[in-house]
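J.:
There are 2 protein chains.
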Amino acid sequence: MPIRVALVNDYEVVVHGIASMLRSHTHRVEVVELNASSHVAEPVDIALFDTFTQSRDDGTGVVRLLENPYVDKVCVYTWSTDRSLRESALRLGIAGYLSKRLSASDLVSALEQVHKGEVVVSDEPARLPLIGGDWPGREEGLTAREAEVLCLITQGLTNAQIVERTSLSINSIKSYIRSCYRKIGVDSRSRAVLWGVEHGMQLDRVRVSEPDIPGSRD
Amino acid sequence: MPIRVALVNDYEVVVHGIASMLRSHTHRVEVVELNASSHVAEPVDIALFDTFTQSRDDGTGVVRLLENPYVDKVCVYTWSTDRSLRESALRLGIAGYLSKRLSASDLVSALEQVHKGEVVVSDEPARLPLIGGDWPGREEGLTAREAEVLCLITQGLTNAQIVERTSLSINSIKSYIRSCYRKIGVDSRSRAVLWGVEHGMQLDRVRVSEPDIPGSRD
DNA sequence: CTCGACTCCACCCAGAGGGGTGAGGCACGG
DNA sequence: CCGTGCCTCACCCCTCTGGGTGGAGTCGAG
C-alpha cells in the first residue's frame, strides 16, 4: 500500500525533479504534483513542501498545508541547513524536515517513518551533493540560489522582498543578482524579468484541476 | 486597380486598427499587414509606416523600408506634429507624412496622390480627434503616449533609451511613467514589465510568413 | 467662461538597484 | 596543498528609478 505524497512547489520543473527521483519507488510512494497556491483537494498521507522560492521565516506555505484537512502530515524538503529555519518549521508542527541531500531511497524511508508517526529531521551536513532538485534555469547554468533569486525577480519582487522571502541578507541577494545577470547576459531588472518570462520562471499556475475552487485558476 | 499598401508596425493591434479603418475602401486600397521587423517580401505600392514606439530621430525603420526594392513608396503615419521630425523624415526620402487625424477617406486620397508621384504632407493641426489609431492598453484606459512608453518599458528599455526612441525629454517620459503606473496599479518597473507582458505589449513577432528568411521567425 | 483630459516639460529628493572590492567557510578535484 | 565553485556577507560608490511639486498649451464639453 504506497504512501500517497503530494509534491508542493510553484515551479513545475521543481516538482517534476522530485517526481522523477521517486519514480523507481512507486511501490512505496504514490506521487501527486501540486503547486504551492493550490489547495490539496483530495486526501494525501504526506505533503512534501519544496522550499524553492518559499523559504520564508513565517512558514506561510507550510501553514496552509498544515491547516488542510486533506493533508495528514506535512514535510519540508529543503537544502537549507539553517538551524533557526528548521526550528521554526518544527514549531509549526511539521512532521519532517528533509534535506535535498538525501538519496531517493533515504528520502522514501524518511517518508515512511513520517507516515508511521515519527518526526524526522534529516541531519545531513553539507558534505553530500545536492540530489533532490531541479530548478528553472538549471540548463542555462544557473545555480539553485541564482535561479531562486531570478524566479523571485521574475515574480516582480524587490530586493527587500526577496530578502524576506529567502531570509538571506541584502548583500547576498545582490551578489546572486550580479552573478546571475552575468550568466544570463542582462544588465537590468527589466531585462532579467523578460529573460525569466521567456525561460519558464513565471509561476506555474496551470497544473491540477481544482473543481471546487472556481477563482483559483485565474 | 487598388493600390497595394503594406501597414508596418510592431504591434498587431496598431496595424489592425489601421486595417479596419481602411476596410470600407477596399476598391481603392489593398492592405497587407506587416510588423516593423519583417522584410517586405512582395511588391507593394506604398509602405505605410506607423510610428507607434518607432518615432526615433534617425528614422531607422523608415530607412529600411526606403531601401527595400519591393517597396515603391514609403509614407510615415503619425500623430506627431513635430516639425523637425517631419523634416528629417522628408529628407530621408519619404513620399508622405500623414497625420493620424486624417479621416479614412482623406487618408486614402492622400495615398492615391502619393501613388501618383506626389509628396504629401498632411497639415492637420491638433484640432481634429485622433482617428487613425488603436494601441495596446487602450481598453485599459491608457492614452496613446502612456501606452507607447509602457510598450517600450515592456521591451526592456531604460528611460534614456525611451528618450531616444520617442524624441521626448526625460521629464516627459517620467510623467508618462507616473501616470501610466497609476492607471495600471503598479509601482515598479518589474511589475510594469509583467503587466505589459500579460496585456499584449510585447513585440508581435509572428505575423506574416517569410519563406525566404529562415531566422527571422524566431 | 471653467474644468478636465492630454501632451510636454522642469525641478527636487530619496531610495532602489547594480557595479565594484573583499572576506570566510565548505566541498571537491588535481 | 591549491584552485575552483558555491554559499553567505560586508562595504563603497554611483546611477537609475519613481515619488512629489509645479507649469504651459490645446482641445472639447458643459
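From first to last, the protein sequence lines are chains A and B. To convert, note that position 192 of the first sequence is 1521 in the working numbering; the numbers rise steadily by one, no gaps. To convert, note that position 91 of the second sequence is 1420 in the working numbering; the numbers rise steadily by one, no gaps. C-beta atoms are modelled at their ideal positions from N, C-alpha and C, and glycine is treated no differently.
#1: Identify each residue in the segment 1459–1482 of chain A for which the Cβ-Cβ distance to at least one residue of chain B is less than 8 Å, and report them in chain order.
#2: Does the structure place the segment 1511–1525 of chain B close enough to the segment 1478–1485 of chain B that three or more beta carbon pairs sit under 8 Å?
#3: Leaving out five residues before and five after Asp1463/B in sequence, what residues of the same chain have Cβ atoms less than 7 Å from its Cβ?
#4: List the residues of chain A whose Cβ lies closer than 7 Å to the Cβ of Gly1522/B, in chain order.
#5: I believe Val1400/B touches Val1360/B by the beta-carbon criterion, under 8 Å. Please report the beta-carbon distance rounded to the nearest angstrom.
#6: Using CA atoms only, rank isn't needed, just tell me which of Gln1383/A, Leu1440/A and Arg1420/A is closest to Asp1451/A.
#7: Could you give the residue range of the beta strand (DSSP E) that holds Tyr1426/A?
#8: By DSSP's criteria, Val1405/A is part of a beta bridge. Which residues make up the other side?
#9: Would you mind working out which of Gly1425/B, Arg1420/B and Met1350/B sits nearest Ile1375/B, comparing C-alpha positions?
#10: Comparing the C-beta of Thr1487/A with each C-beta of chain B, is any distance below 9 Å?
#11: Tell me where the alpha helix (DSSP H) around Ala1521/B begins and ends.
#12: Taking all protein chains shown into account, do 16 or more other C-beta atoms lie within 10 angstroms of the C-beta of Pro1465/B, making it buried, or fewer, making it exposed?
#13: Can you list the residues of chain A that Val1443/B reaches, using a CB-CB cut of under 9 Å?
#14: Going by beta carbon distance, what residues of the same chain come within less than 8 Å of Val1392/A, once the five residues before and after it are set aside?
#15: State the start and end residues of the unbroken alpha helix (DSSP H) segment that holds Arg1415/B.
#16: Closest Cβ-Cβ distance between Met1492/A and chain B: below 9 Å?
#17: Quick check on the burial criterion: 16 or more other C-beta atoms within 10 angstroms. Buried or exposed for Arg1456/B?
#18: Compare the beta carbon distance of Ala1433/B and Leu1351/B with 9 Å and say whether it is the shorter of the two.
#19: Within the continuous beta strand (DSSP E) that includes Arg1270/A, where are the two ends?
#20: Where Arg1518/A and Gln1383/A are concerned, what is the direct C-alpha to C-alpha distance, given to the nearest angstrom?
#21: Less than 9 Å between the beta carbons of Leu1395/A and Ser1496/A, yes or no?
#22: Taking DSSP as the reference, what is the three-state secondary structure of Val1400/B?
#23: With burial defined as no fewer than 16 other Cβ atoms inside 10 Å of the residue's Cβ, what is the status of Ser1498/A: buried or exposed?
#24: Please name the residue or residues paired with Glu1362/B in a DSSP beta bridge.
#25: Using alpha carbons as the reference points, say which of Gln1442/A, Asn1397/A and Trp1408/A lies closest to Ala1473/A.
#26: Are Gly1470/B and Lys1512/B close, meaning C-beta to C-beta below 9 Å?
#27: Beta-carbon of Val1526/A versus every beta-carbon of chain B: anything under 9 Å?
#28: Let me know if Glu1477/A comes out buried or exposed under the rule of 16 or more other beta-carbons within 10 Å of its beta-carbon.
#29: Within 10 Å of its beta-carbon, does His1283/A have 16 or more other beta-carbons around it, so buried, or fewer, so exposed?
#30: Quick check on the burial criterion: 16 or more other C-beta atoms within 10 angstroms. Buried or exposed for Asn1338/B?
#31: Should Glu1402/B go down as buried or exposed, given a rule of 16 or more other Cβ atoms within 10 Å for buried?
#32: From Arg1494/A to Pro1372/B, what distance separates their C-alpha atoms?
#33: With DSSP as the reference, label Val1448/B as helix, strand or coil.
#34: For a test of the three-state rule: what should DSSP assign to Val1443/A, helix, strand or coil?
#35: Looking at the structure shown, is Glu1341/B part of a helix, part of a strand, or coil, going by DSSP?
T.: Checking against the coordinates, here is how it stands:
#1: Ile1482
#2: yes
#3: Val1342, Val1343, His1345 and Gly1346, listed in sequence order.
#4: In the sequence under discussion, the amino acid at residue 1522/B is Val, which differs from the Gly named in the question. Taking a Cβ-Cβ threshold of 7 Å, the residues of chain A close to Val1522/B are Ser1519, Val1522 and Leu1523, in chain order.
#5: Wrong, their Cβ atoms sit about 15 Å apart, outside the cutoff.
#6: Looking at the sequence itself, residue 1451/A is Ser, so the reference to Asp does not match. Nearest neighbour of Ser1451/A by Cα position, chosen from Gln1383/A, Leu1440/A and Arg1420/A, turns out to be Leu1440/A.
#7: Gly1425 to Ser1428
#8: Phe1378/A and Tyr1426/A, per the DSSP bridge assignment.
#9: Selected option, being the one with the closest Cα: Gly1425/B.
#10: yes
#11: Arg1518 to Glu1527
#12: By the neighbour-count rule (16 or more Cβ atoms within 10 Å), Pro1465/B is buried.
#13: By Cβ distance, chain A contributes nothing, its closest Cβ being about 38 Å from Val1443/B, past 9 Å.
#14: Leu1421
#15: Arg1412 to Leu1421
#16: Before going further, note that residue 1492/A is Val rather than Met in the sequence given. Cβ-Cβ to chain B under 9 Å: no for Val1492/A.
#17: In this predicted model, Arg1456/B has a pLDDT of only 44, less than 50, meaning its place in the structure is not dependable; the value taken from the coordinates is given anyway. Burial call: exposed.
#18: yes
#19: With chain A running from 1330 to 1547 in the structure shown, residue 1270/A is simply not present.
#20: 21 Å
#21: Here Leu1395/A is not near Ser1496/A, since their CB atoms are 9 Å or more apart.
#22: strand
#23: exposed
#24: Leu1336/B
#25: The shortest C-alpha separation from Ala1473/A is found at Trp1408/A.
#26: yes
#27: yes
#28: buried
#29: The shown model of chain A, from 1330 to 1547, leaves out residue 1283/A, and the question about it has no answer.
#30: Around the C-beta of Asn1338/B, 16 or more other C-beta atoms lie within 10 Å, and the residue is accordingly described as buried.
#31: Rather than Glu, the amino acid found at residue 1402/B in this sequence is Lys. Its Cβ being crowded by 16 or more others within 10 Å, Lys1402/B is buried.
#32: 56 Å
#33: coil
#34: helix
#35: helix
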